[in-house]
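First to last, the protein sequences are chains A and B. If you read the first sequence in our numbering, its first letter stands for residue 586, the second for the next number, and so on. If you read the second sequence in our numbering, its first letter stands for residue 43, the second for the next number, and so on.
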Amino acid sequence: MSSELTGVVLDDYLEITLSELCEACGASAEHIRMLVAEGVIEPRGPGPEDWRFQSLTITRVRRTQRLERDLGVNLAGAALALDLMDEIQRLQVRLRRFEAGC
Amino acid sequence: MEFKDYYQVLGVARDASQDEIKRAYRKLARKYHPDVSKESDAELRFQELGEAYEVLGDAEKRAAYDQLGSSWRQGQDFRPPPDWDQGFEFHGASAGDGAAFSEFFESLFGRGGFSPFGGAAQRQAHAHARGNDTHAKIYIDLEDAYRGGRRQVALKHSELGPDGRPRVRERTLNITIPKGVSEGQQIRLEGQGEAGSGQGGAGDLYLEIHFQPREGYHVEGRDVYLNLPLAPWEAALGARVRVPIPSGEVDLTIPPNSKSGGKLRLKGRGIPGREPGDLYVVLEIVQPPARTAAEKEAYQSLAKAFNFDPRRGGRA
């Protein structure tokens, strides 16, 4: 229990495959395809077999799943909420910067 | 155990219509959803809301709950009357996957929202459920991001005890903080979330990185901003000052006639990474108060030397 744990930092550098993304999110490939079609997540590569996702995508998918399940919004609604949350975060960073006076 | 006033949790009257209840729930759920809300107790509030709606949102369960009478108050010590649910039959699965409900809820409706009668078959379907993911924030020093580090994290989580009831357990994890993490980034620890049931694997643990706030610093992505106080003469005449930065110390040359708010950029001295951030030193001119006769005289000779009116565009 007290041994050292090393996790994986989710960022835009480390890339994962479709099946790795499905596994991490407990999602079906079909569900991921819908998220891609809706533009919620953007893989690199031409088709599902070659898709590579930023590992950061995991948090985005998980968040979408929770919004859909808990708030009864559909995919488009969850996608909109995610975009707005990203925007709020950007603004908060700017706000902190002005408040810090530098 | 404590009585839960589900009407109070949702902020509706006892005679509210099902539509009103749904509206109230939706509104509060949006407000307290842990992904959306900034409230510190959002996760708890959201769980409470889910439980209240699980009961009041379902006409059958609501009718059974109403049977208990309206004289109970939130938090009051409660024991269900032995035959309280006589003649009620509950249908339908619970909304939340593995949602953790209170002891109060479970004493009335059984575990996971299934009826105490005939719930076994439904419970079977969940026999091999994957455990929930868990989330926690950790606060690190900026230096940890520059050099990497270790943190002990105490986590509280609920799990099923041997009696089939959820219980809260605390555990301590030693986490390696990789070099180059930035604010808001998440570290995923596979299999360190809630235990699953049956053959279902454990969920994952997500740790969200935050920097301990520190006076005079702020971080934007990988760029680090650092306030540097200067005396008026250092800013005017130029100076060489030693500045402590997260990766050590640097000698900085302040060019003459530097202005307050001016930035000096140290390329690549921000948070390290594939594309390291920059360090910005933000100049802040601090004016000393004139207290002694000599200090006042110094300001007076400044006034004489400069024909300066800052209200005229700051020009002499």
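Beta carbons are placed, not taken as given, at the ideal position from N, Cα and C, and that holds for glycine. Predicted model only: the values in this text are computed from it and were never measured.
Only residues of its own chain outside the window of five on either side were considered, and among them Glu291, Val292, Asp293 and Leu294 have a CB closer than 8 angstroms to the CB of arginine 284 of chain B, listed in chain order. Runs of the alpha helix (DSSP H) spanning 4 or more residues and lying entirely within the segment 273-329 of chain B occur at 274-279, in chain order. For alanine 94 of chain B against tyrosine 48 of chain B, the beta-carbon gap comes to about 4 angstroms, under 8 angstroms, which counts as contact.
Along the length of the segment 207-264 of chain B, whole beta strand (DSSP E) runs at least 3 residues long occupy 208-219, 228-231, 247-253 and 259-262, reported in chain order. Put simply, the backbone Cα of arginine 651 of chain A is about 30 angstroms away from that of methionine 43 of chain B. At a cut-off of 8 angstroms between C-beta atoms, arginine 681 of chain A counts as an interface residue with respect to chain B. Residue state for histidine 616 of chain A is assigned as helix, using DSSP reduced to three classes. For threonine 649 of chain A, no beta strand (DSSP E) run applies; the uninterrupted alpha helix (DSSP H) run containing it begins and ends at 642-656, by DSSP. In the three-state reduction of the DSSP assignment, aspartate 635 of chain A falls in the coil class, being assigned neither a helical nor a strand state.
With respect to histidine 75 of chain B, aspartate 655 of chain A sits close: the two C-beta atoms are nearer than 8 angstroms.
Here asparagine 349 of chain B is exposed. Its C-beta has fewer than 16 other C-beta atoms within 10 Å. Closest by C-alpha distance to proline 271 of chain B, out of B/Arg256, B/Val323, B/Arg230 and B/Leu279, is B/Val323. Taking 8 angstroms as the threshold, the shortest C-beta distance from threonine 334 of chain B to chain A does not fall below it. By the Cβ neighbour-count rule, alanine 336 of chain B is exposed, with fewer than 16 other Cβ atoms within 10 Å of its own. Sequence-distant partners of isoleucine 327 of chain B (beyond 5 residues in either direction) whose C-beta falls short of 7 angstroms from its own C-beta, in its chain, are Leu272, Pro274, Ala277 and Ser302.
Within the segment 66-98 of chain B, complete alpha helix (DSSP H) segments of at least 4 residues are found at 84-98, given in chain order. Comparing C-alpha distances from serine 224 of chain B to each of B/Val266, B/Arg307, B/Ile287 and B/Val195 shows the shortest one belongs to B/Val266. When DSSP states are grouped into helix, strand and coil, aspartate 119 of chain B belongs to the strand group. With a cut-off of 8 angstroms on Cβ pairs, the segment 245-253 of chain B is in contact with the segment 179-199 of chain B, counting three or more such pairs.
Distances from the CA of glutamine 194 of chain B to each of B/Val51, B/Pro220 and B/Asn216 were compared; the closest alpha carbon is that of B/Asn216. Restricting attention to beta strand (DSSP E) runs no shorter than 3 residues, the segment 168-198 of chain B encloses them at 176-182, ordered along the chain.
Sequence-distant Cβ neighbours of glycine 624 of chain A in its own chain, meaning closer than 8 angstroms and more than five residues away, are Ala664. By a beta-carbon distance limit of 8 angstroms, glycine 235 of chain B contacts glycine 173 of chain B. Their separation comes to about 5 angstroms. Here leucine 603 of chain A really is in contact with proline 633 of chain A; their C-beta atoms are around 6 angstroms apart, less than 8 angstroms. With a threshold of 8 angstroms between beta carbons, glutamine 89 of chain B makes no contact with chain A.
Looking at the DSSP output, glutamate 627 of chain A bridges to nothing.
With a cutoff of 8 angstroms on beta-carbon distance, isoleucine 287 of chain B and leucine 268 of chain B are scored as near each other. Around alanine 609 of chain A, the same chain offers Ile643 as residues with beta carbons nearer than 7 angstroms, after the five sequence neighbours per side are excluded. Between glutamine 116 of chain B and aspartate 596 of chain A, the gap from beta carbon to beta carbon reaches 8 angstroms or more. Per the coordinates, the alpha-carbon of tyrosine 598 of chain A lies some 10 angstroms from the alpha-carbon of glutamate 317 of chain B. Residue contact check for threonine 642 of chain A against chain B: no CB pair falls below 8 angstroms. In summary, the residues of the segment 654-672 of chain A whose CB is separated from some CB of chain B by less than 8 angstroms are Arg654, Asp655, Leu656, Gly657, Ala666 and Met670, in the order they occur in the chain.
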